[in-house]
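Residue numbers (my numbering), protein chains in the order written: chain A, 3 to 227; chain B, 756 to 806; chain C, 3 to 237.
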C-alpha cells in the first residue's frame, strides 16, 4: 500500500470520528470567534486602523485556535491505546504524519472559512473580491502551522504540562510562517495584489515544502513506542 | 553612565555569568563523581563479600 | 576502566588552563591594548565579547544538530549527551549575546532594546533552545526525552535560515526612518591591534566553550552511569 493511500485511510478514519462528535471542530470555531470579539474590545480601533491590524489579529486568532486543535490531535489514540496498535502494524509512519497534518488542516480550514467572512463583517473590511488571495495565503500559512504543529504535538505527547509546552516549543519555530502570512495579507488588503510580498509567499511555500518533507522522513523517530 | 561604565557592565556580567555557571557545573560534577564512587565502591564491597 | 580517567581529567585540566590563559590574554588585549574605535569609542570593546559569543552560540546549535541527528540514527547515548550539553551551553551563550548586544545598544542607539534583525533573531534562538531544555526536563522517560529533544534539535536548526531570512526581510522592508540604524562593523581601516584582540577573544571563547562542554558532557555521562548502577541494585 502506498504512502498516500495509507495516509488517506488514516485521514478518513479521523474525519469520520470527528464528524460523529464534532467536538473539536465546534470548540475551535467558537474559540476563534470568541477571540475576535475579545480582540475587538482589547484594541480600540478607529476604522482606518482596522485594515492595518486585521491580518495580525486574524492570524493570531487562528494561531491560538489551531493550538487548541493540536492539543486534541493525538487524544483519541492516547485514550484508547490505539497508538500502540498503529505502531505495531506495518504502517509507514510518514503516512501517519500526513494523515494527522491533513486532518488538522481540514479542521482549521473549515473553521477559517467561517471565521474569515465573520471577521470581514464584524470589522467592516469592505470589498470581498480579495478573499481568494487571502484564502491562498491562509491556506499556505495554515499548512505550515499544521505541519510543524503535528510534529510538535507528537514529540510533546508524553510531556508533563503538555498544553503549555506545545505552544512554547511550536511558536518560535513558526515565526517565518507568522511573518510571511501577515505580511502577505497586509499587502493584499492594502494594494489588492501580492506585489513585493510575492517574496514572502515564496518563503511560505518553501517553508511548507521543506517541513512537510522533513516530517514525512523523520516521523518514524517522532513516534516511539 | 560613561562609556567605560557600559564596557565594565558588559564584561562584568559576562565574567560573572560564566564564572557562576562554571562554579555550579563543578559542583554538579563533584557531586556526581562522589555518588559514582560511592556506588562503585559499595558494588566492589558486595562482590568481595560474595566471593 | 578504559582510557585512564586520570589522563582524561588531566587533559581537561590542561584545556581549562589554556582557556584561562587565552581568556585573560583576550581581556588584556580587548580592554588595554586595542585602541578605542573612531566612531563608537570605548563602547566598541563590547564587540570583543559579542562576536565570539555569537560564534560559540551558533557552534552550540550546530553541535545540537549533529548530536541529535546522530542519536536518531545510531541510538548511541553519547550523541544525546553531546546534544544536551551543547544545548545548555548554547542557551548560556545566547543569553550572554543578547545581554551584550543590549548593553552595546544603549549608548549606541539610545535604547536597551530594539527589534532589529540581529537581536530579534538571537532572542528567537534563545526561545527555541530554552524550549529544547524544557522539553527534555518535562518528559520522564529518558529515551523518549532524548528522542523528542533530538527531533526538536533538528527542526530548530533547519528552521534557523528561514527565521533568519524572514526576520531580516521584515526589518529591512519595514525599517522606519529613525536613529535606530544598526551599525555594521567597519572593516576598512581597522587597527591591527583590534583584529588581534578579536582573534584572541575568539580563541579564548572557543577554548572556554570546549572546556565547559567537556565538563557538562561528563556530568551527563556520570549521571547516566549512576542511574544504571542504581537500577541494577534496585535502589
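Think of the CB as a built atom: it goes at the ideal place given N, C-alpha and C, for glycine as much as any other residue.
{"query": "Cβ of residue 19/C within 8 Å of any chain B Cβ", "result": "no"}
{"query": "Residue 206/C - containing alpha helix (DSSP H), residue span", "result": "194-235"}
{"query": "Contact residues within the region 792-804 of chain B, judged by C-beta distance below 8 Å to chain C", "result": "794, 795, 798"}
{"query": "Rounded C-alpha distance that separates residue 144/A from residue 209/A", "result": "12 Å"}
{"query": "Candidates 4/A, 80/A, 133/A, 109/A: closest to residue 31/A by CA position", "result": "109/A"}
{"query": "Contacts around residue 91/C, its chain only, beta-carbon distance under 8 Å, and the 5 residues preceding and following it disregarded", "result": "58, 62, 211, 214, 215, 218"}
{"query": "Cα-Cα separation between residue 803/B and residue 20/C, rounded to whole angstroms", "result": "42 Å"}
{"query": "Distance between residue 10/A and residue 160/C (C-alpha atoms, nearest Å)", "result": "28 Å"}
{"query": "Nearest candidate by alpha-carbon position, reference residue 777/B, set 144/C, 141/C, 95/C, 41/C", "result": "95/C"}
{"query": "Under 7 Å by beta carbon: chain D residues contacting residue 54/C", "result": "The chain inventory of the structure shown lacks chain D, comprising the protein chains A, B and C."}
{"query": "Within 8 Å, strictly: CB atoms of residue 105/A and residue 13/A", "result": "yes"}
{"query": "Reference residue 85/C, options 93/C, 78/C, 76/C, 70/C, closest by Cα", "result": "70/C"}
{"query": "Close Cβ partners of residue 199/A (< 7 Å) along its chain, the five nearest in sequence each way excluded", "result": "185, 186, 189"}
{"query": "Burial state of residue 50/A, where buried means 16 or more other Cβ atoms lie within 10 Å", "result": "exposed"}
{"query": "Distance, residue 111/C Cα to residue 761/B Cα", "result": "13 Å"}
{"query": "Proximal residues of chain A, C-beta to C-beta of residue 165/C below 7 Å", "result": "177, 178"}
{"query": "Enclosing alpha helix (DSSP H) for residue 46/C [first to last residue]", "result": "From DSSP, residue 46/C is part of no alpha helix (DSSP H); its letter is neither H nor E."}
{"query": "Euclidean distance between Cα positions of residue 758/B and residue 119/C", "result": "24 Å"}
{"query": "Extent of the continuous alpha helix (DSSP H) to which residue 176/A belongs", "result": "164-193"}
{"query": "Bounding residues of the alpha helix (DSSP H) (the contiguous stretch that carries residue 8/A)", "result": "5-23"}
{"query": "Contacting positions in the region 138-162 of chain A - beta carbon closer than 9 Å to chain C", "result": "150, 153, 154, 156, 157, 158, 159, 160, 161, 162"}
{"query": "Sequence-distant residues of its chain with Cβ nearer than 8 Å to residue 172/A (five each side left out)", "result": "69, 72, 150, 151, 154"}
{"query": "Closer than 8 Å to chain C by CB, residue 780/B", "result": "yes"}
{"query": "Beta-carbon spacing of residue 127/A, residue 56/A below 8 Å", "result": "yes"}
{"query": "Span of the alpha helix (DSSP H) around residue 106/C", "result": "79-111"}
{"query": "Sheet register partners of residue 39/C (DSSP bridge)", "result": "43/C"}
{"query": "Beta-carbon proximity list for residue 93/C, same chain, < 7 Å, skipping 5 on both sides", "result": "128, 131, 132, 135"}
{"query": "6 Å Cβ shell around residue 188/C - same chain, five flanking residues per side excluded", "result": "With a pLDDT of only 48 at residue 188/C, under the threshold of 50, the placement of this residue in the model should not be trusted, and no figure is reported."}
{"query": "Residues within the region 112-143 of chain C neighbouring chain A, beta-carbon criterion of under 7 Å", "result": "126, 129, 130, 133, 136, 137, 140, 141, 143"}
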